[in-house]
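Those letters in the sequence shown? Residues 166 to 376, by my numbering. Just so you know, even glycine gets a beta-carbon here, dropped at the ideal spot from N, CA and C. Worksheet: the structure to be examined is printed underneath.
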Amino acid sequence: MIGELVIWCDFGGVLTDPVAEVLERVAAQCAVPAETLLLACSAVAAEYGGDELAPLELGLLGEAEWGERVTAQLAPWLPAADLGRFSELWYGNRSFNGELYDALSGRLDVECRLAMLTNSVREWEPYRARLIPESAVFEAIVRSHEYGVRKPDPRIFRIAEQTLDVPARRCLLIDDSARNCLAAEAAGWRAIRHRGNSETLEQLDRILAAQ
């Protein structure tokens, strides 16, 4: 027994639809190939030493300015949707993975706790709040944009540990990103790469049984 285990669950791609599917839907609304849209996002992020949605997730750019810059990078493509209102596109028609949440919360006891560790964006929060049921409870939510640090930066794992005053060896990350899972393990955590509810829960049960 190593003591109580804190399960730090990612949001997008774990408690919601897979991110790749969401990107395809947004790209379709913009009438731009998904790969082209992602390259434009990464081009803007590269100006800040990051990739993908880093300027948003680090709180370095507001959504409106970010949208203008991505639109400029897309030229000669002209997106059919306003990227300055990206949150509306990103969270349109998304659903909460209640099956996984219920299964996780059903495994909680005095030796297991549930929290959220998420790369988030300030403008996304109202949309997330509407997705998460009022009955859903997380002991803590660590949002990247509030700290200016995002996964896979090892500092965010230290922030999470400090938030609930738990050591790395008692933390487990559930995340759909292989890169984030590897970073968590390098920080002394355990990690489960989420590919589907059944596989994630099977891995979690093995970990809990071994405690």
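According to the DSSP secondary-structure assignment, Trp173 is paired through a beta bridge with Ala280, Leu338. DSSP, reduced to helix, strand and coil, places Asp274 within a strand of the structure shown.
Beta-carbon to beta-carbon, Gly224 and His310 are separated by about 4 Å, close enough to satisfy the 8 Å threshold. DSSP places Ala356 in the uninterrupted beta strand (DSSP E) bounded by 355 to 358.
Where Arg308 is concerned, the enclosing beta strand (DSSP E) starts and stops at 306 to 308. A distance below 7 Å between beta-carbons, with the five flanking residues on each side excluded, links Val209 to the following residues of its chain, in chain order: Pro220, Trp231, Arg234, Val235, Gln238.
Your pair Val171 and Ala333 does not check out as a contact, with CB atoms roughly 10 Å apart and the cut at 8 Å. Sixteen is the threshold: when 16 or more other Cβ atoms of the shown chains lie within 10 Å of the Cβ of Asp175, as they do, the residue is buried.
Looking at Ala352, Thr283, Gln194, the one whose alpha-carbon comes closest to that of Arg315 is Thr283. Put simply, the segment 238 to 254 does not touch the segment 295 to 312. Fewer than three CB pairs are less than 8 Å apart.
Remark: three or more beta-carbon pairs, one from each stretch, lie closer than 8 Å, so the segment 321 to 328 and the segment 336 to 354 are flagged as touching.
Proximity to Pro298 across Tyr266, Pro198, Arg355 peaks at Tyr266, based on C-alpha coordinates. Classified as buried, Ala349 has 16 or more neighbouring CB atoms from the shown chains inside 10 Å of its CB. Pro244 has its alpha-carbon roughly 30 Å from the corresponding atom of Asn345.
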